[in-house]
Every structure is written in C-alpha cells, then in structure tokens.
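For the sequence shown, this note's numbering gives the first residue as 611, with consecutive numbering after it. Everything below concerns the one structure shown next.
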Amino acid sequence: MFYQQALTPKALLRMLPHISECFLLIQSHFKERYYQVAVYKYEKECFILRDDVLVKKMGRLSLSSHGDEEEILSAIEEALDANHYLITEEKNVLLDLRTIEKMGETAKTTINYFEFVDL
C-alpha cells in the first residue's frame, strides 16, 4: 500500500533521510524555468527517473491519497528496466530541495510524495 501527501520542501528535508522507500515528484515553476524531477529512493540509493510515461501516470495517481503500490512500483520498474534513470546521492536531492526552499515565493512548487508501507 502507498500513502501520498503533498509536502513542502522544508518538511521533506526533515523526513527524507529517515525514509527507506519512497517516490517523489517535484515540480517547480520559476520565473524563467520549469523544473521537474521524479525520484525513487530505496534505502540509500536515489534514482532520478527520466520517463514521461511514469510522470503522467503519477500525475493521475496524485488525485488519490492512497492506493495499490504495485501500480506505482510497476511503472518505476519499467523505467528502471528501460534505463531511463540516473543514480544520484541523497545529498544531491536534499540540495535541490534546499534550493527550492530558498526560492520561496518566487516559485510555485508542488511535491507529491508517495511512501510505501508494509501492512
């Protein structure tokens, strides 16, 4: 099962180091640039997913607060199998979040956070 919530960069900065598995879709509209990143975190590994199909599916799922994690995990697995990812360190994701937080009022930011939990 997954649980989804919309978070602020500040809240996510506090939580992310303590979460073992989650998916983030971060979208920011800056004055001259649109920033979008999809990140899958598993343990200490962070994968930046570069798959438009996955991003669109997450957009549809963002309308639900909880649901079947297999729907998300299968889309993530397809992106990984197709090599549509870059591996990065968690500290780089945290740096992006700090930058977005500093931009504050100048950027409209949406963060969809999906945490996977075992029941």
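From the three backbone atoms N, C-alpha and C, an ideal C-beta is built for every residue, glycine too. Note that the structure is predicted; figures quoted are calculated from it, not measured.
Nearest-angstrom Cβ-Cβ length linking residue i and residue j, presumed shorter than 8 Å
i    : j    : result
L704 : L626 : 7 Å
A689 : L707 : Their Cβ separation, rounded to whole angstroms, is 21 Å, which puts A689 and L707 out of contact at 8 Å.
N722 : L635 : 4 Å
E711 : L623 : 7 Å
Proximity below 8 Å, CB of residue i to CB of residue j
i    : j    : result
F633 : Y650 : yes
T719 : S638 : yes
I658 : V647 : yes
F640 : T709 : no
E631 : F726 : yes
Proximity test, Cβ basis, 8 Å: residue i and chain B
i    : result
A717 : The chain inventory of the structure shown lacks chain B, comprising one protein chain alone.
Neighbourhood of residue i by C-beta distance below 6 Å, restricted to the same chain and skipping five residues each side
i    : result
A685 : L664 and K667
Per DSSP, cross-strand counterpart(s) of residue i
i    : result
L659 : A648 and Y695
S638 : Y645 and T719
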